[in-house]
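S.K.: Below are the structure tokens for one structure; questions will follow.
Residue numbers (my numbering): 25 to 436.
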């Protein structure tokens, strides 16, 4: 353990020649809300807007120390890891080939090109990440290149531990509790290995990618049957073998899952109230505060905001999901009588704070009735109780499909 800490401190010192430490900032809004002393470790403010720069730097540094002749590095990534590797390829003056899925948004591709410049080549291959990863590893074998893993690598874990080194220096000691987002496990493994038993931990995963919880239940890393890719920076099907070796004794009660729609609420709150831009994975540590509010009251807490690479073209989707989770927007199918005045009767039922966000005739289910898809936004979730009560009294037939995943996928 002492050897790991010394290596993490050495890595952190070496990083200072390349990029500055990210700030640790006390957040008054969250502190007041939860009655705690809450600090944010702003990895979203790093040179590439995520902590991935750290692991990429340390892994590449170690390789070049041992193999100075090494000139070709390869990675597979759809986002933050690619940007970190690209940045470091330019810094070290080596060539990088970065494999990305064909479906990667142009914003992420362009940012990777910006960081890597002429030092990198981007290859778009595969509709799914597994296909992209297979292509990258096949290329590595053919070219005798070095593959830079995003998290399942001891040098990467050591590099991510620099987050802990900085927190201790900036805070002047250890916090009572640190909240860590978990994807592949590199960051959480590094920080926990450095802090050891010096503080309490909360680990948080996206509900649609709870690979640490699954591994703890099975006693080994297991591959999830299905992953929701919305929290793309942390939605990993299987936690890394190396990180899990450092996390296999975690108390399952300290591992939480954050619903994707609630994460959207947190992202909007941080943007609108604090002016902080977080990607879904970057909001995980803040999002889980509501689940552990009783545990942190009066405590000093550090949340690692792990990334801020958010494409604002996704903002309408984030707002939509946040509204549905908060209960202020609902969709339902209304069976509307096909007679004059029926629509007006429905409109008169709406309250003063109810707005129609969508109105679409789907089909006539019978000669005298038609099915209408209606989306309603309101200021207070309680307004829907009043609306539905009035609809019932007026004899309207309707079905709330807001939480019906299958219907919502096809109709909304």
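For glycine and all other residues, C-beta sits at the position ideal for the given N, C-alpha and C.
1) How should residue 187 be labelled, buried or exposed, when 16 other C-beta atoms within 10 angstroms of its C-beta is the threshold for buried?
2) When you measure from the CB of residue 76 to every non-hydrogen atom of the ligand NAD, does any distance come out below 7 Å?
3) Once the 5 residues before and after residue 378 are set aside, which same chain residues still bring their CB inside 8 Å of it?
4) What residue from 73, 246, 373, 425 has the CA that sits closest to residue 419's CA?
5) How is residue 55 classed by DSSP in three states: helix, strand or coil?
6) From the DSSP output, read off the bridge partner residues of residue 361.
7) Can you tell me the Cα-Cα spacing of residue 66 and residue 120, whole angstroms?
8) Can you give me the Cβ contacts of residue 80 inside the same chain, cut-off strictly under 6 Å, excluding the 5 residues immediately before and after it?
9) Where does the unbroken beta strand (DSSP E) through residue 402 begin, and where does it stop?
10) Restricting to Cα atoms, I'd like to know which of 301, 355, 349 is closest to residue 336.
11) Under the rule that 16 or more other beta-carbon atoms within 10 Å means buried, what is residue 53, buried or exposed?
12) Taking residue 250 as the reference, give the member of 264, 231, 243, 244 with the closest Cα.
13) How is the beta strand (DSSP E) around residue 164 delimited, first residue to last?
14) Distance, Cα to Cα, residue 351 vs residue 436?
15) In its own chain, which residues sit with a C-beta less than 8 Å from the C-beta of residue 248, not counting the 5 before and 5 after it?
16) Return the residue from the list 281, 340, 162, 255 that minimises the CA-CA distance to residue 315.
17) The beta strand (DSSP E) that contains residue 121, what's its start and end?
18) Under 8 Å between C-beta atoms, does residue 143 make it to chain B?
19) Three-state secondary structure (DSSP) at residue 280?
20) Expressed to the nearest angstrom, what Euclidean distance is found between the alpha-carbon atoms of residue 354 and residue 157?
21) Considering only C-alpha positions, which residue in the set 74, 51, 177 is nearest to residue 43?
22) Below 8 Å between beta carbons: does that hold for residue 394 and residue 256?
23) With distances taken Cα to Cα, identify the nearest neighbour of residue 152 among 166, 100, 189.
24) Taking the straight line between their C-alpha atoms, what separation do you get for residue 366 and residue 242?
25) Answer yes if the region 209–224 comes into contact with the region 340–348, meaning at least three C-beta pairs across the two stretches below 8 Å, and no otherwise.
26) Report the rounded CA-to-CA distance for residue 117 versus residue 137, giving the unit in angstroms.
27) Consult DSSP for residue 191 and reduce its assignment to one of helix, strand or coil.
28) Grab the span of the beta strand (DSSP E) containing residue 329 for me, first residue to last.
29) Would you report the Cα separation of residue 320 and residue 279, rounded to the nearest angstrom?
30) Measure from the alpha carbon of residue 240 to the alpha carbon of each residue in 224, 312, 267, then state which is nearest.
31) Using C-beta distances below 7 Å, list every residue in its chain close to residue 95, excluding the 5 sequence neighbours before and after it, in chain order.
32) For residue 208 and residue 169, what's the separation of their Cα atoms in angstroms?
33) Roughly how far, in whole angstroms, is the beta-carbon of residue 174 from the beta-carbon of residue 305, given that I think they are within contact range, below 8 Å?
34) In terms of residues, what are the limits of the alpha helix (DSSP H) holding residue 199?
35) Could you compute how far the alpha carbon of residue 296 sits from the alpha carbon of residue 346?
36) For residue 380 and residue 303, what's the separation of their Cα atoms in angstroms?
M.R.: In terms of the structure at hand:
1) buried
2) Ligands are entirely absent from the displayed structure, and the ligand NAD is therefore not among its contents.
3) 400, 401, 402, 407, 411
4) 373
5) helix
6) 393
7) 27 Å
8) 108, 109, 112
9) No beta strand (DSSP E) holds residue 402; DSSP gives it neither H nor E.
10) 301
11) exposed
12) 231
13) Premise fails: residue 164 lies in the alpha helix (DSSP H), 153–167, not in any beta strand (DSSP E).
14) 16 Å
15) 233, 234, 235, 238, 261, 262
16) 281
17) 119–124
18) The question asks about chain B, but that chain is absent: this structure has only one protein chain.
19) strand
20) 39 Å
21) 74
22) no
23) 100
24) 57 Å
25) no
26) 15 Å
27) helix
28) 324–329
29) 15 Å
30) 267
31) 118, 119
32) 23 Å
33) About 12 Å separates the two Cβ atoms, so there is no contact after all.
34) Counting along the chain, residue 199 falls outside any alpha helix (DSSP H), and DSSP gives it neither H nor E.
35) 13 Å
36) 29 Å
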